[in-house]
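Oh and the sequence shown: position 142 is 142 in my numbering, straight run, nothing missing.
We put the CB at the ideal spot given by N, CA and C, even for glycine.
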Amino acid sequence: MPFLTVREVQLHYRVYGDNGPWLALITGGRRGFNEFIAFAEKIAAKGFRVLLHDRRNTGASDVLIAGADGEEEIWADDLAVLLGKLQATPAVIGGTSSGARLSMLFNQRHPESVKGLLLMRITGGDFAAGRLPEMYYQQFIRAAEQGGMQAVCDTEQYRERIQANPANQTRLMGMDPAEYIRVMQHWLSIFLKGPRKPVLGMEDDVMRAIRVPTIVVPGNDKTHASVNGHAAAALIPGSILFELPIKDQDVPLLPFSDWAPHEETLASVFADFMNKVQGSAQA
Numbered sequence: 001m002p003f004l005t006v007r008e009v010q011l012h013y014r015v016y017g018d019n020g021p022w023l024a025l026i027t028g029g030r031r032g033f034n035e036f037i038a039f040a041e042k043i044a045a046k047g048f049r050v051l052l053h054d055r056r057n058t059g060a061s062d063v064l065i066a067g068a069d070g071e072e073e074i075w076a077d078d079l080a081v082l083l084g085k086l087q088a089t090p091a092v093i094g095g096t097s098s099g100a101r102l103s104m105l106f107n108q109r110h111p112e113s114v115k116g117l118l119l120m121r122i123t124g125g126d127f128a129a130g131r132l133p134e135m136y137y138q139q140f141i142r143a144a145e146q147g148g149m150q151a152v153c154d155t156e157q158y159r160e161r162i163q164a165n166p167a168n169q170t171r172l173m174g175m176d177p178a179e180y181i182r183v184m185q186h187w188l189s190i191f192l193k194g195p196r197k198p199v200l201g202m203e204d205d206v207m208r209a210i211r212v213p214t215i216v217v218p219g220n221d222k223t224h225a226s227v228n229g230h231a232a233a234a235l236i237p238g239s240i241l242f243e244l245p246i247k248d249q250d251v252p253l254l255p256f257s258d259w260a261p262h263e264e265t266l267a268s269v270f271a272d273f274m275n276k277v278q279g280s281a282q283a
């Protein structure tokens, strides 16, 4: 598995496609990139190089619970360094759910590295704001308070990270539980500061300030209700709204795999969009 050292951590990554413009595609939640492999292959087949990577603390990359910035800010800065090492800038940046949020944050922090944005399954609204702090932080803070770092390692998400990268267990078990709790509470406080809607954690003015070509594909569950995608597209100047033939479902969360029947359609739409972005850049 290819790894690169980025700001003190080993990041696991893969590039699909041998030539063409670059696209960095980011999964949601704290999931590794495996769910995007088939989708990346479809896009790469249309003449692009697609970078997938496991953000720190996800997938097979190193776990490092540290940093003064918020976790998503750390992810954005890691991606900037990774793209630079691969000589892949400027690139189109895109993702689903938290990956879409991270794409917008990346554009805010590293605008010189961005040619366009692909935003799928925008997260927003009171339901998402009530659910995600528990998913991302609170359950792990509770585990550390009740059973120390062994209890953290025993949670399902950390078991997956240890299985993918056994060295993560040594790093985690070497942490002082109090320090783990402090950092996670710090990240939680930053996560809770931003607005709830239309895009969780993203100020409207930040979206209004986006100046790169952008395409938005709304989601269809309670965490990624289509209304949030519509609202985001309305805020981003000149953005394109592309809607799949799907309806909102009254369920907390649908996995990206539910969109598998639509991947070829999305790959074609995104390829057309990126070809136009590339053409505009060369004009």
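Contacting residues, own chain, Cβ-Cβ under 7 Å from residue i (five flanking each side not counted)
| i | result |
| --- | --- |
| G70 | W187, I190 and F191 |
| A144 | A151, V152, P177, Y180 and I181 |
| I43 | L23, V50, A267, F270 and A271 |
| I93 | A24, S103, F106, N107, V114 and L117 |
| S226 | P218, G219, N220 and D248 |
Assigned secondary structure, residue i (DSSP; H/G/I helix, E/B strand, else coil)
| i | result |
| --- | --- |
| I210 | coil |
| F127 | helix |
| Q10 | strand |
| A143 | helix |
| L25 | strand |
| F191 | helix |
| F242 | coil |
| T223 | coil |
| L254 | coil |
| V199 | coil |
| T170 | helix |
| T5 | strand |
| I236 | coil |
Close-in-space but distant-in-sequence residues of the same chain around residue i (CB under 8 Å, 5 per side omitted)
| i | result |
| --- | --- |
| M184 | I65, Y137, F140, I141 and A144 |
| G148 | P177 |
| D154 | A143 and G147 |
| Q278 | P21 and K115 |
| P195 | G201, M202, E203 and D204 |
Beta-carbon separation (whole angstroms), residue i vs residue j, contact threshold 8 Å
| i | j | result |
| --- | --- | --- |
| L172 | N220 | Going by Cβ atoms, the distance from L172 to N220 rounds to 36 Å, so no, they are not a contact pair. |
| P128 | T223 | First, the residue type needs correcting, since residue 128 is Ala and not Pro in the sequence shown. Yes, they are in contact, since the Cβ atoms of A128 and T223 sit about 5 Å apart, within 8 Å. |
| I236 | F273 | Going by Cβ atoms, the distance from I236 to F273 rounds to 14 Å, so no, they are not a contact pair. |
| H12 | G59 | 6 Å |
Close-in-space but distant-in-sequence residues of the same chain around residue i (CB under 6 Å, 5 per side omitted)
| i | result |
| --- | --- |
| F39 | E263 |
| G124 | K197, P198, V199, L200 and N228 |
(message) Does the region 101-120 come into contact with the region 161-177, if we say contact requires no fewer than three beta-carbon pairs (one atom in each stretch) closer than 8 Å?
(response) no
(request) May I have a chain-ordered list of the beta strand (DSSP E) segments no shorter than 3 residues that lie completely inside the region 33-121? (result) 49-53, 91-96 and 114-120
(message) Assess contact between the region 50-64 and the region 32-41, defined as three or more Cβ pairs (one per stretch) separated by less than 8 Å. Is contact present?
(response) yes
(message) Whether or not the region 218-235 and the region 75-88 are in contact is what I'm after, with contact meaning three or more pairs of Cβ atoms, one per stretch, closer than 8 Å; do they touch?
(response) no
(request) Count the CB pairs spanning the region 198-207 and the region 229-244 that are closer than 8 Å, and state whether there are at least three. (result) yes
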